[in-house]
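Report on the structure given below.
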Amino acid sequence: MTPPRLPLSRQPLRQLQDRIATGLITAGGIGVLMAILAIGVFLLWETLPLLALGDTLAVSRLAPLAWGTLKAAIAAMLFATPIALGAAIYSALFMSARLRSRIKPTLELMEAIPGVVVGFIAGLVLAPWIEQHLASALLLIVWLPFSAILAGALWHIAASRLRPRLPHTWAGLWLIPWLACMVVVALWLAPVIEQQWLGGDLRRFLDLHYGMDYVTRNTLIVGVAMGFAIIPSIYSLADDALADVPPALMEGAQALGASRWQALWKVALPTAGPGIFSAVMIGAGRAVGETMIVLMASSNTALFSASPFEGLRSFSAAIAIELPEASPGGLTYHLLILAALVLFIFTFLVNTLAEVVRHRLRRRYHRLGVRQ
Amino acid sequence: MKSNGFWREKKYRLHLALLGMLLLMTHAALANSSLRVSGTLGAVGSDTMAGLVLRWGEALTARYPDINVQFQAGGSASAPTALIAGTTRLGPMSRPMTEEERQQFIDHYGYPPLELRVARDALVIVVHRHTPLESLTLPQVDAIFSSHLACGEIDPIRRWEALPATASWPYGRIALHGRNLASGTHGLFQQRALCDGPFRPDISEYPGASAVVAAVGESPDAMGYAGYNHLSPMVKALRLTDEYGRTVAPSEAAIQSGAYPLSRDLYLYVNAPPGETLPAAEQALLTLIMSDEGQQIIRAAGFVPLPTNDLETQQVW
Amino acid sequence: MKRRSPHTIREATWLRDGLWPWLCAACVALSLLMLAALLTLLVTRGLSHFWPATLEEVTLGSGDIIIGQSVREAPLPQNAGLERLYFTGNREITGANWRWVSVDDITQQSTPNDLIRLERTPWGDFIGRLIAVESEGQQLTGQEAWDHVKNALTMPPSQRANSELLLATADGQTLRQPVSGISHFQAPNAMSWGQKTYVWGQNVWRFLSQGPRAANTGGGVWPAIFGTVLMVILMSVMVTPFGVLAAIYLNEIAHQNRLTRLVRIGVRNLAGVPSIVYGVFGLGVFVYGIGGSIDTWFFSDELPSPTFGTGGLLWASLTLALLTLPVVIVATEEGLARIPDAQREGAVALGATRLEMLTRVVLPMATPAMLTGVILAVARAAGEVAPLMLVGVAKLAPQVPLDGEFPYLHLERKFMHLGYHLFDTAFHGEDVQAAIPLVYATALLLVLIVLALNLTAIFLRHHLRRQRGNEC
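First to last, the protein sequences are chains V, F and S.
This note's numbering puts the first residue of the first sequence at 1, with every later residue one more than the last.
This note's numbering puts the first residue of the second sequence at 1, with every later residue one more than the last.
This note's numbering puts the first residue of the third sequence at 1, with every later residue one more than the last.
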């Protein structure tokens, strides 16, 4: 592209244009940043009347919601973190590169599935199913890790002729049918176990022996559904952190006789630790603020209860249900805006923490300087 | 730029398309020139009545294509708020306005809202279709759903074993399902079935009645309340015993006559300044509601039409 | 980000690792399995709804005959066998659309070819038999009657001949149905596979192109598709210039100091702020604040009916624009940062001003990154529901906000949205059993739209990387 030659007399015009454009861009850029800042200012401003009241009412009405929010987030993290980190470890360090270049975008696509769809499936399909098959669902939690280990053990003792056909670097793929079969086995096994040891009905057993209630749309459902939604964000960031560990470090450890798993445990994980931490933090931030899933998959009961089989009500769901009806300026309106402010501050802090840690990590890798 | 021609062509095509649209529009306008009722009807309010309002909207748009109907379902409590804030002129509510709400409206506008009773509905207590329970007394309902027992029952009923009909099955706690605070169903149930006592805190709250019915329909140990029009094949509506000892099923006749204890009227509130004629679109809606077709729609939407003399006494606007 | 070079691990090392890696592999497999299960569920349930279902005629032990579509089976309590749910239609006669039948109670079951299914207003479906058609005083039977109905249905309802169908229900009751109230007519049992596929395609098309009927329990989702797309287009029109401006400012103009770094972290974090918070902001500032003021200044003669002081298209797209702003800024900045400084220096060395350098060198090179950012923003916005519930989505707004009435684009109108439509039909619908198949179809459509947008972004980014690789 050759710039058209301009007569010298137009030089001042060009300079002027440049100044104006720079000014405009600066104004636009700063304007956008101000608009973003305005969110925080607005929320603070609208909650001031509450603080002026100095009432404890706000605390007593928001406390169960805060607990519900936390409970949902914890349940989701308990479900998502092990799966996401395990997947990240496998795909960053063990999986074949060709497979990884396909699997990673696929898992990242999971993140794009709208919350309202996940919530619908969780509330209207998963919740009734788990209610009727509680024993199977709980059995699966133990059964699936067991079946993975079983697959590994079988592979180890398998004839060496079979192993190249089912390469371990592709295990993430060929384990899918295996797991699907094992799920079917568990579904068949659970009623048997229930009949043998639990008196035929797990829910009755829980009620008799532990006095535990069971609510259809409970924390367990929310945890699974929201966990499903945050797996990809944790996975993606943790995978990046692990894959960016300088290969020389791993190779060095293995050259000294460590197995690949030992190298991972002793070298890669400590090095990438901050990155993994920030991945988990960002997942937690998402879990705290997710709205549609909690709204549709939980029972919206504002209770203090630690039982995984009871419902909850979160800040975000309360805002979504109640704010459209709250008259502006009323107490409920201000309370709900306070809830939004809490969400805003919490996620902002968590994300900043994650971002700072990630930044540090990037500098550390830079110092190690082994990147080609 | 060499793409100039292309752009010109594109612009030309756009003109042609616009012209075509214009022609089509005038054609459509001519075809319906006898029915020039137009306008936007925005309604905010009860989601129980959503099906009804939407069907009225469909029938109205079929008749007058220029009428634009929008409906926002938030719950009955959102109707007075929206009427007073002026965000709407039509407020469908599944309960009458409270004195306070009415007074707020009068304070704001200087005249009361026009109140129309448009249909009958009932709150039904639903259980799973296999649950061997057929009827409850009203104090029992209170003992199940309320934490204060304002209706006079002595012991709260928490478990299925406490009811004679379900002594052997199902087992365990009665899982309760209901609506969220903003809905008129929630308010009315509290007033009529709980004698204004508070709800138990562990009732699952859903932002929609069909979600309540769906939840109850999937588990044999669940019980919930919902509007009559939301009944699905998965659930069974219980008969209720009123204070005179009559056990009444929520049938159309019992609801219309008011014999079923939890029957209620559905209302439409209109912001109608006295002495002014209503906008044509609103006029058309009210005429439709009171017509035979409108009453058919009420049945199709799952509600119960008003008795004929009730309809006639309301032709006031 | 750099990709790790492929590792070749010898089998021996893998064996020495023990069983831990297998757990990790299972995590990948499990995630994929869950994703596949979700998508399979949506696809099968969403698409099978449109298939013309076989109608069964069933005789019960009591002598009752019912005609209907078998919907689901469930076990009876206390191991008493199975029960089956039939969709029987004919609500104005039987009072219900559904009937449960114990499977053991069925004495006879057949699928006669003359069973028909009608979709009508206002009473929903009719299932039964066609006896005759009465048209202008004469009665048509047999093939003539069928042809007459088929002909009539090709015309819009208001122009159809004033004829009536004589219908018979399963238990022999007769019923008169005017042709004008019928929207669909089929005899699924008499259809061949080819015809069924054709009807299936027609049904899918009707779902995509028509408005909802019968209080969102039937019909299509066209206004919701239109509303979603229009809202997203408006949003991208707003978010693109501002996002790009902010990115250029941050990357090219502002001094790179502590403050810029802080701002950058702040912007990135906003991508993690829950969407409902943006909804609250939109409601408080756009709707009540700005909208209310616009109304008092410009539309005061309309008050108390609000024009902009209530949720609407404009506020919804503005809110979502704010929500997706960080996505566009971050993506554009990444694109800008990847351009080698040599390019900028070269341009300036040749005598270009900063503006010329930006518009002729930097921006063209960063265009794919910008596009990626915008597409990701669109994908996020298309699936977002929570903030919309606060700022202007409506349960039913059959008139789309774009029409022939001045000013053509009605920014103040409420609109329908696919995601909210899904939530609404699943939670607020009348008969949840009847609505569920439609919810699946809507969910499938929404997921497909969002996935397609995301895939576009991925391919664009991929393409961009390859191109860059060739240049460098």
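Glycine included, each C-beta is placed from N, C-alpha and C at the ideal position.
Looking at the C-beta of residue i, does it have a partner C-beta in chain S at a distance below 8 Å?
| i | result |
| --- | --- |
| THR301 (chain V) | no |
| ARG217 (chain V) | no |
| GLY29 (chain V) | yes |
| PRO305 (chain F) | no |
| GLN103 (chain F) | no |
| LEU143 (chain V) | Here the sequence assigns Trp to residue 143 (chain V), which means Leu is not the residue at that position. Answer no: the Cβ-Cβ gap between TRP143 (chain V) and chain S never drops below 8 Å. |
Please confirm whether residue i and residue j have their CB atoms less than 8 Å apart.
| i | j | result |
| --- | --- | --- |
| ALA143 (chain F) | ILE157 (chain F) | yes |
| ALA246 (chain S) | GLY40 (chain V) | no |
| THR111 (chain S) | GLU73 (chain S) | no |
| ILE203 (chain F) | THR69 (chain V) | no |
| LEU376 (chain F) | GLU243 (chain F) | This structure does not reach residue 376 (chain F), given that chain F is present from 1 up to 317, and the question cannot be answered. |
| GLY292 (chain S) | HIS417 (chain S) | no |
| TYR269 (chain F) | GLU100 (chain F) | no |
| ARG264 (chain F) | SER76 (chain F) | no |
| HIS128 (chain F) | VAL213 (chain F) | no |
| PRO308 (chain V) | THR216 (chain V) | no |
| VAL44 (chain F) | ILE289 (chain F) | no |
| ARG200 (chain F) | SER146 (chain F) | yes |
Could you tell me the alpha carbon to alpha carbon distance between residue i and residue j, rounded to whole angstroms?
| i | j | result |
| --- | --- | --- |
| MET191 (chain S) | PRO207 (chain F) | 42 Å |
| ARG261 (chain S) | LEU320 (chain S) | 25 Å |
| GLY311 (chain V) | GLY223 (chain V) | 11 Å |
| PRO12 (chain V) | GLY266 (chain S) | 38 Å |
| THR94 (chain S) | GLY302 (chain F) | 13 Å |
| ALA92 (chain V) | MET281 (chain V) | 20 Å |
| LEU140 (chain V) | GLY89 (chain S) | 40 Å |
| ALA268 (chain V) | VAL245 (chain V) | 6 Å |
| PHE242 (chain S) | VAL356 (chain V) | 26 Å |
| ARG363 (chain V) | VAL28 (chain S) | 29 Å |
| ASP64 (chain S) | LEU35 (chain S) | 45 Å |
| ILE25 (chain V) | GLN254 (chain V) | 52 Å |
| LEU368 (chain V) | MET34 (chain V) | 38 Å |
Once you ignore the five residues that flank residue i on each side, which residues in its own chain have a CB closer than 8 Å to its CB?
| i | result |
| --- | --- |
| ARG163 (chain V) | TRP155 |
Residues in its own chain within less than 7 Å of residue i by CB, not counting five upstream and five downstream?
| i | result |
| --- | --- |
| GLN210 (chain S) | GLY219, GLY220, TRP222 |
| PHE207 (chain S) | PHE50, GLY220, VAL221, ALA441 |
| PRO170 (chain F) | THR131, TRP160, PRO220, ASP221 |
| VAL378 (chain S) | VAL232, SER236, LEU453 |
Mind checking if residue i is an interface residue toward chain V, Cβ cutoff 8 Å exclusive?
| i | result |
| --- | --- |
| GLU276 (chain F) | no |
| LEU460 (chain S) | no |
| TYR171 (chain F) | yes |
| LEU35 (chain F) | For LEU35 (chain F), the pLDDT reaches just 46, beneath the cut-off of 50, and the residue's location in the model is therefore unreliable, although a value from the coordinates is still provided. Output row for LEU35 (chain F): interface = no. |
| ILE281 (chain S) | In the sequence as presented, Ile is not what sits at residue 281 (chain S); that position holds Phe. True, the Cβ-Cβ gap to chain V drops below 8 Å. |
| GLU218 (chain F) | yes |
| ALA43 (chain F) | no |
Using beta carbons (cut-off 8 Å, strictly below), is residue i in contact with chain F?
| i | result |
| --- | --- |
| GLN433 (chain S) | yes |
| PHE226 (chain S) | no |
| SER314 (chain V) | no |
| GLY223 (chain V) | no |
Excluding sequence positions up to five away, which residues of its chain have a Cβ less than 6 Å from the Cβ of residue i?
| i | result |
| --- | --- |
| HIS184 (chain S) | GLU119 |
| THR372 (chain S) | ALA331, ALA457, LEU460, ARG461 |
Considering only heavy atoms of the ligand HEM, does any lie closer than 7 Å to the CB of residue i?
| i | result |
| --- | --- |
| ALA229 (chain V) | Absent from the structure shown: the ligand HEM. Ligands present: none. |
Short-range partners of chain F found in the segment 87-120 of chain V, where Cβ spacing is below 7 Å: none
Taking beta-carbon pairs under 8 Å, can you tell me which members of the segment 232-243 of chain F lie near chain S? SER232, PRO233, MET234
Using Cβ-Cβ distances below 8 Å, what residues of the segment 34-68 of chain V are close to chain F? none
Below 8 Å between beta carbons is the criterion; list the residues of the segment 195-213 of chain F that meet it against any residue of chain S, in chain order. Per Cβ criterion, the list reads TYR206, PRO207, GLY208, ALA209, SER210, ALA211, VAL213.
Report the residues of the segment 324-340 of chain V with a CB closer than 7 Å to any CB of chain F, ordered along the chain. PRO324, GLU325, SER327
Taking beta-carbon pairs under 7 Å, can you tell me which members of the segment 285-302 of chain F lie near chain S? GLN296, ILE297, ALA300, ALA301, GLY302
According to a CB-to-CB cut-off of less than 7 Å, which residues of the segment 175-188 of chain V neighbour chain S? LEU175, ILE176, LEU179, ALA180
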